[in-house]
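Input: a single structure, listed below in structure tokens.
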Amino acid sequence: MKVFSLVWAMAFTLPFSVSASEIAFDCRIENAGPPEMNVRLTQPEDASVGTIVFADQRLEALIYDGDDSKTFLFLGDDYSLNYTVNTSTGGYEFFADGSRAAEGTGICVTVSEPTLSADGSSMGS
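In case it helps, mature numbering (1 follows the signal peptide of the UniProt record, and there is no 0) puts the sequence shown at residues -20 to -1, 1 to 105.
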């Protein structure tokens, strides 16, 4: 299972880039139902608003910092999405309400290094 998680984490992070001034989490729930359970959560440095990216959607989220946790919250017209990441352990809880009701737990991998371009320079810096 650890090998599967590592391979998944590497494959999931390749298409994305992260600038040096933001933190991102790639989060996955095994055997997830709806696509919004497997996401990339991104927070620009010290910002209270970030993004939730899954499938072909990019949503703006409010970010709340707690003791060893970050919560990303999206409020839609008839649903809400709540992602809480334990920043110490990588544990991840997902909860959706309304028309997209679902819940689950999984794991997040922190993406902390900027992606390098072909010439070796840092993209986004």
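Virtual Cβ for every residue (Gly too), placed ideally from N, Cα, C.
Which one or two residues does DSSP pair with residue 154 in a beta bridge?
-> Nothing can be reported for residue 154: it is not among the residues displayed for the chain, which extend from -20 to 105.
Quick one: Cα of residue 114 to Cα of VAL19, how far?
-> Lying before the first or after the last residue shown, residue 114 is absent from the chain, which here runs from -20 to 105.
Can you have a look at LEU61 and say buried or exposed, based on whether 16 or more other CB atoms are within 10 angstroms of its CB?
-> LEU61 is buried by the Cβ-count criterion.
Cβ atoms of LEU39 and LEU53: under 8 Å apart, would you say?
-> At a Cβ-Cβ threshold of 8 Å, LEU53 and LEU39 do not count as neighbours.
Name the residue from TYR72, GLY46, TYR59 and VAL29 whose alpha carbon lies nearest to the alpha carbon of GLU2.
-> Comparing C-alpha distances from GLU2 to each of TYR72, GLY46, TYR59 and VAL29 shows the shortest one belongs to VAL29.
Would TYR72 be called buried (16 or more neighbouring beta carbons within 10 Å of its own) or exposed?
-> Under this definition TYR72 is a buried residue.
Whose C-beta lies closer than 6 Å to the C-beta of THR85 among residues of the same chain, with five residues either side of it excluded?
-> The beta carbon of THR85 sits closer than 6 Å to those of GLU73, all from its chain and outside the five residues before and after it, given in chain order.
Residue burial classification, GLN23 (beta-carbon count within 10 angstroms, cutoff 16) = Under this definition GLN23 is a buried residue.
Cross-strand partners of ASP77 (DSSP beta bridge) | SER60.
Given a threshold of 16 other Cβ atoms within 10 Å of its Cβ, counted over all protein chains shown, does TYR63 qualify as buried or as exposed?
-> Burial check for TYR63: the Cβ neighbour count within 10 Å reaches 16 or more, so the residue is buried.
Would you tell me roughly how many angstroms separate the C-alpha atoms of ILE87 and ALA76, rounded to the nearest one?
-> For ILE87 and ALA76, the distance between alpha carbons rounds to 17 Å.
Contacting residues, own chain, Cβ-Cβ under 7 Å from ASP48 (five flanking each side not counted) = For ASP48, the CB contacts under 7 Å within the same chain, skipping 5 residues up- and downstream, are ASN66, THR67 and SER68 in chain order.
Going by Cα to Cα distance, which pick from ILE32, GLY46 and GLY70 is closest to GLY56?
-> With distances taken between Cα atoms, GLY56 lies closest to ILE32.
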